[in-house]
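Peer 1: Position in the sequence shown (first residue = 1) + 3 = the numbering used here.
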Amino acid sequence: MQNTTNVPTLDQAMIGGHYAFNIARGARILAEKWNAAPTYRPIVGNRDRTIVENWYYAVWSYNGFSFKNHPQNPGFSLPRPVYRCDGTQPRSNYPYQELIFGCMANPPVVGGAALWSPLAVTLPN
Numbered sequence: 004m005q006n007t008t009n010v011p012t013l014d015q016a017m018i019g020g021h022y023a024f025n026i027a028r029g030a031r032i033l034a035e036k037w038n039a040a041p042t043y044r045p046i047v048g049n050r051d052r053t054i055v056e057n058w059y060y061a062v063w064s065y066n067g068f069s070f071k072n073h074p075q076n077p078g079f080s081l082p083r084p085v086y087r088c089d090g091t092q093p094r095s096n097y098p099y100q101e102l103i104f105g106c107m108a109n110p111p112v113v114g115g116a117a118l119w120s121p122l123a124v125t126l127p128n
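1. Sort out for me which residues DSSP pairs residue 108 with in a bridge.
2. When the Cα atoms are used, what is the spatial distance from residue 22 to residue 96?
3. Using a 10 Å radius around the Cβ and a threshold of 16 neighbouring Cβ atoms, would you call residue 31 buried or exposed?
4. Among 93, 76, 62, which has the Cα closest to the Cα of residue 40?
5. With 16 as the cutoff for other CB atoms within 10 Å, does residue 65 come out buried or exposed?
6. Buried or exposed: where does residue 103 fall if 16 or more other Cβ atoms within 10 Å of its Cβ makes it buried?
7. For residue 116, write down the residues that DSSP places opposite it in a beta bridge.
8. Taking contact to mean at least 3 C-beta pairs separated by less than 8 Å, is the stretch 48-56 in contact with the stretch 86-96?
9. Would you check if there are 3 or more beta carbon pairs closer than 8 Å linking the stretch 104-114 to the stretch 73-93?
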């Protein structure tokens, strides 16, 4: 008899053990969230995929299109500064999509160098 209880599937093992597979799966999920609009998600702008701000609702949906990530959730202070992705601000003070957009604009610095080039990005109003 073979016991396979709590044994991860191959996909789960690859996601947890190989960074490129993990990134590819995350990109696939994000694309699925993008493609769910406008039927299941609102849209921002004209749905031009090359404009990062147009991905706002897809990024929100990636972590759960729910009130916990709503920018006007009373659990988050208003107004709040842009998230800097430098460890000085509690992540719990921001909805998921603002964490992501904040890190795009303010990449973490390791050894005096930013991990990626900053991308100027604004939140929808």
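No residue lacks a Cβ here, since even glycine has one placed at the ideal position from N, Cα and C. Here the structure is a predicted model, which means the values were calculated and not measured.
Peer 2: The relevant details are as follows:
1. On the sequence shown, position 105 is the one that residue 108 refers to. Beta-bridge pairing links residue 108 to no other residue.
2. Against the sequence shown, residue 22 aligns to sequence position 19. Against the sequence shown, residue 96 aligns to sequence position 93. Taking the straight line joining both Cα atoms gives about 28 Å.
3. Counting from 1 along the sequence shown, the entry for residue 31 is found at position 28. So residue 31 counts as exposed.
4. As a first step, residue 40 must be located in the sequence shown, where it is residue number 37. Comparing Cα positions, the closest option is 62.
5. Translated into positions along the sequence shown, residue 65 becomes position 62. Buried is the call here.
6. The count along the sequence shown starts at 1 and reaches residue 103 at position 100. Buried, since its Cβ has 16 or more Cβ neighbours within 10 Å.
7. Numbered from its first residue, the sequence shown carries residue 116 at position 113. Answer is 113, bridged to residue 116.
8. no
9. yes
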